[in-house]
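Numbering (the numbering used here), first residue to last: 667 to 1308.
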Amino acid sequence: MNRTLLQGTALAGLMIAGLTSPTVAQDAGVPSADDLAKTLQKPAYSPYANREYPTRPFFGDTHLHTSFSMDAGAFGAQLGPKDAYRFARGEQVMSNTGQPAKLSRPLDFLVVSDHSDNMGFFPDLFAGKPELLADPKGRQWYDDIQAGKGADAAIDIIVSFSHNKFPEDLMYFPGTPAYRGAWQETIAAAEQYNEPGRFTAFIGYEWTSNTGGNNLHRNVIFRDNGDKASQVDPFTVYPPYGSDNPADLWKWMDGYEKKTGGRVLAIAHNGNLSNGLMFPVVEAFGKKLDSEYAQTRAKWERLYETTQTKGTGEAHPLLSPTDEFANFEIWDKGNLDGSVPKKKEMLEFEYTRSAYKNGLKLEKTLGTNPYKFGLVGSTDAHTGLTAVEEDNFFGKTVPQEPSPHRMQEAFIDNKQTGVKIMDWEVSSSGYAAVWANENTRQSLWDAMQRKETYATTGPRMIVRFFGGWDFADDDAGNRLPAQIGYAKGVPMGGDLHAAPQGKVPTFLVAALKDPIGANLDRYQIIKGWLDKEGGLHEKIYDVAWSGDRKPGADGKLPSVGSTVDVSNATWTNTIGAPELIKVWKDPEFDPSQPAFYYGRVIEIPTPRWTAYDAKRFGVEPPQGATMTVTERAYTSPIWYTP
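Structure (structure tokens):
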């Protein structure tokens, strides 16, 4: 049974920094040599002095599109990078459909990640630039948009790009004045709205490999300011300036760092629309996986986007049949444009947990685990708006901005293959949480690089996950469990090696509800491991939970219940717990078996955005539409290597 802590508890003390308003650091003077010597001799009286570990998570979005992305623009996006940063910082803006929009609370950081290929093309098309209208396709798209058929134009643009049919005369290639101007404007917007200590505006873009409709996108994030980022143009997909092979993107990243002395990382787009290509185990792009592939991917792709508007990719019920929470916001019907229906054998190579397990096996043969990544969530919204709270959801694209009819429309409807995904299936998800020392580009990026991150499906619950060999039950009752966590072990994203004789891994887990959100149902640890015969396994442990529930004979914890009134889109916090904290010891540890562990925190049920829409617009939801949601967070793993 868990220990639920209420007023004045250890977790509340740990997390209080995460609930305060961000401040800008002040220069308080330089300590003298005598002061430093005294500090080193013994612990300070103040338990908060000399802390060098992160004391709060920063919440943001690493994947947002504006009108500078050709598909977003075709769908009707008119908000640009500056508008996106203003909105993320907490300002009220007018949406693309003329509705006032504002977040409940500002975000801490944002990456405007417009598509690399044809960056800046759409604003020129929308403005009717003569050279674009001279091309028959350009004229067709322009006329469709003017006639209110922007969604049709957008789908045609995506399909043309995916299947190598985009007119070359319309391409905005790197190095051209139009492309260069759009990239410089993107950088200028980030520089203008970046405010160290208060809000971080990262420079970034999305590399858009989508050959055949199979989504292999990566979001590229610079640690650097504009002086370095402006020395290059983004890497694109179309030749001769680009490639659809991720290995070539990694070469570009290496070249950037060598040229500028800067730093850059890539976050893979969630893989559920890759049709089995995101996490290969045999070959990639016709080349057999080898040690170079594993080392290079592990170096550049430190994080993975496990949840976003196009579904959550943590686990799948067919891959994890004993996981009662695996069937969550699943998109498993086809690839990005619906041109190829999904086959069951593709699923293993698209989902987070399977990649973690296969990574253990690949490490045995290649010497490096290519899938040793941390986790984030982000929106992938194409509206310029990072609005993914269930009661404040402004959709993925402009046609899905709030309206009485948005639940009834289709997001993907490929008549040739029969692949159809309705707009009501679009998820109101997610955000990235980063445990960093301060709100700056450098500090946040460094935390991403070391994988001290977690994903949420929208709420801002605060989650800790530490692993070590010596955590004791009393550590969960300490006033400062994070101090113990860093002293005795490693945080999420870390590694444990070669178990000491007679020791088993112990984990200190803690979670605090979003202060304006739902109570917590449970904190689970998901373990995966490789046995001596090469078999891969997984198991889910309920570690901490609310109330006095007890696991049944089957080991399953009873449901927390539900307070949701779907017809009125309301709920109450009369069930669940505001805080969960526990020390857990692996009861089935084998020191010879490599393993990973990650945390999953699940909220009590609440109304989904579809329920809020039905109530506010007075409309009947489509038959079969999901009306409730159990929001959740996923931590980056801690890996054990013998």
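Note that beta-carbon positions come from the ideal geometry of N, C-alpha and C, so glycine has one too. Values in this document were obtained by computation on a predicted structure and should not be read as measured data.
Our contact map puts residue i next to residue j with C-beta atoms below 8 angstroms; I'd like the distance itself, whole angstroms only.
{"i": "D1187", "j": "I1268", "result": "5 angstroms"}
{"i": "F839", "j": "G786", "result": "About 11 angstroms; that fails the 8 angstroms criterion."}
{"i": "A1099", "j": "P1308", "result": "Their Cβ separation, rounded to whole angstroms, is 30 angstroms, which puts A1099 and P1308 out of contact at 8 angstroms."}
{"i": "G928", "j": "R889", "result": "6 angstroms"}
Whole angstroms are fine: how far does the CA of residue j sit from the CA of residue i?
{"i": "G1025", "j": "A1291", "result": "35 angstroms"}
{"i": "G1050", "j": "P766", "result": "13 angstroms"}
{"i": "D1208", "j": "E1297", "result": "17 angstroms"}
{"i": "S1302", "j": "K1062", "result": "25 angstroms"}
{"i": "E851", "j": "K917", "result": "25 angstroms"}
{"i": "Y907", "j": "D780", "result": "17 angstroms"}
{"i": "V1121", "j": "D801", "result": "Residue identity check: residue 1121 is Ala in the sequence provided, not Val. Using only the alpha carbons, I get a separation of about 43 angstroms."}
{"i": "T1276", "j": "V1230", "result": "13 angstroms"}
{"i": "F951", "j": "N911", "result": "7 angstroms"}
{"i": "P1244", "j": "M1127", "result": "10 angstroms"}
{"i": "V930", "j": "T728", "result": "13 angstroms"}
{"i": "W1305", "j": "R1215", "result": "30 angstroms"}
{"i": "K1009", "j": "N941", "result": "8 angstroms"}
{"i": "T1052", "j": "L730", "result": "7 angstroms"}
{"i": "F945", "j": "P1217", "result": "35 angstroms"}
{"i": "L702", "j": "T1172", "result": "Model confidence at L702 stands at a pLDDT of 47, short of 50, so the residue's coordinates are unreliable; what they give is reported in the following sentence. Looking at the two C-alpha atoms, the distance is approximately 34 angstroms."}
{"i": "K999", "j": "S828", "result": "18 angstroms"}
{"i": "G804", "j": "A819", "result": "10 angstroms"}
{"i": "A678", "j": "R771", "result": "With a pLDDT of only 42 at A678, under the threshold of 50, the placement of this residue in the model should not be trusted; the figure read from the coordinates follows. Approximately 20 angstroms, taken between the alpha carbons."}
{"i": "S909", "j": "G979", "result": "25 angstroms"}
{"i": "E1254", "j": "E1011", "result": "30 angstroms"}
{"i": "M1114", "j": "L799", "result": "43 angstroms"}
{"i": "E1029", "j": "G1151", "result": "28 angstroms"}
{"i": "L984", "j": "K1193", "result": "18 angstroms"}
{"i": "A741", "j": "T1031", "result": "The amino acid occupying residue 741 in the given sequence is Phe; Ala does not appear at that position. About 45 angstroms."}
{"i": "G684", "j": "W1101", "result": "Because the pLDDT of G684 is 39, which lies under 50, any placement of that residue in the model is unreliable, and the question is left without a value."}
{"i": "D1197", "j": "L955", "result": "22 angstroms"}
{"i": "S1325", "j": "R1130", "result": "Given that the chain is displayed from residue 667 to residue 1308, the structure contains no residue 1325 and the question cannot be resolved."}
Would you mind working out which of the options sits nearest residue i, comparing C-alpha positions?
{"i": "V1064", "options": "A715, S875, G879, G816", "result": "G816"}
{"i": "V625", "options": "F792, K768, R755", "result": "A query on residue 625 cannot be resolved here, the shown segment of the chain reaching from 667 to 1308 and no further."}
{"i": "T1018", "options": "E851, G937, T728", "result": "G937"}
{"i": "G1265", "options": "V1249, P1273, S1228, P1271", "result": "V1249"}
{"i": "N1234", "options": "D1089, G1284, F1262", "result": "G1284"}
{"i": "V1175", "options": "W997, A1184, G1168, D1141", "result": "D1141"}
{"i": "Y1037", "options": "D1057, H731, S957", "result": "S957"}
{"i": "F725", "options": "T1119, A1219, N880", "result": "T1119"}
{"i": "R1282", "options": "T1236, A1299, T1307, T1272", "result": "T1236"}
{"i": "F1039", "options": "Q897, Q961, P772, Q1149", "result": "Q961"}
{"i": "G977", "options": "E949, D890, D1046", "result": "D1046"}
{"i": "A964", "options": "Q897, Y922, A913", "result": "A913"}
{"i": "L1162", "options": "D899, A1261, G814", "result": "A1261"}
{"i": "A1210", "options": "A854, P905, D1139, S712", "result": "D1139"}
{"i": "G1084", "options": "D1003, F1131, N1144", "result": "D1003"}
{"i": "V947", "options": "Y871, T1034, M919", "result": "T1034"}
{"i": "I811", "options": "D790, I1087, R968", "result": "D790"}
{"i": "N1001", "options": "L1013, A992, E990, N993", "result": "L1013"}
{"i": "E1056", "options": "P713, D1279, I823", "result": "D1279"}
{"i": "F991", "options": "Q806, M736, Y1189", "result": "Y1189"}
{"i": "V886", "options": "R864, L915, G879, V903", "result": "L915"}
When the distance is taken between beta carbons, is residue j closer than 8 angstroms to residue i?
{"i": "L836", "j": "K1027", "result": "no"}
{"i": "A867", "j": "N860", "result": "yes"}
{"i": "S1005", "j": "G1043", "result": "no"}
{"i": "W873", "j": "F832", "result": "no"}
{"i": "L943", "j": "F1015", "result": "yes"}
{"i": "I933", "j": "Y970", "result": "yes"}
{"i": "G1227", "j": "N1185", "result": "no"}
{"i": "V1170", "j": "K1251", "result": "yes"}
{"i": "P1271", "j": "M1073", "result": "no"}
{"i": "N1103", "j": "P720", "result": "yes"}
{"i": "F614", "j": "P1068", "result": "Since the first residue of the chain shown is 667 and the last is 1308, residue 614 is not available in this structure."}
{"i": "E995", "j": "S896", "result": "no"}
{"i": "A743", "j": "N716", "result": "no"}
{"i": "G1168", "j": "K1154", "result": "no"}
{"i": "A1309", "j": "K768", "result": "No statement about residue 1309 is possible, as the shown extent of the chain runs from 667 to 1308 and does not include it."}
{"i": "T1123", "j": "T973", "result": "yes"}
{"i": "I869", "j": "G892", "result": "yes"}
{"i": "H935", "j": "A738", "result": "no"}
Measuring from the CB of residue i, is there a heavy atom of the ligand GTP at a distance below 7 angstroms?
{"i": "R805", "result": "In the structure shown, the ligand GTP is absent, as is every other ligand, since no ligand is present at all."}
Inside the stretch 1040-1117 only - beta strand (DSSP E) runs reaching at least 3 residues
For the beta strand (DSSP E) assignment, the uninterrupted runs of no fewer than 3 residues enclosed by the stretch 1040-1117 are, from N- to C-terminal side, 1040-1043, 1076-1079, 1086-1088, 1097-1102.
Which runs of the alpha helix (DSSP H) spanning at least 4 residues fall entirely within the stretch 762-807, listed in chain order?
Complete alpha helix (DSSP H) runs here, min 4: 787-792, 796-799.
Counting only runs that start and end within the stretch 969-1039, where is the beta strand (DSSP E) found for 3 or more residues in a row?
Qualifying beta strand (DSSP E) stretches, in chain order: 969-974.
Segments of 4+ residues assigned as alpha helix (DSSP H) that fall wholly inside the stretch 1133-1174
Segments of the alpha helix (DSSP H) lying fully in the stretch 1133-1174: 1147-1154.
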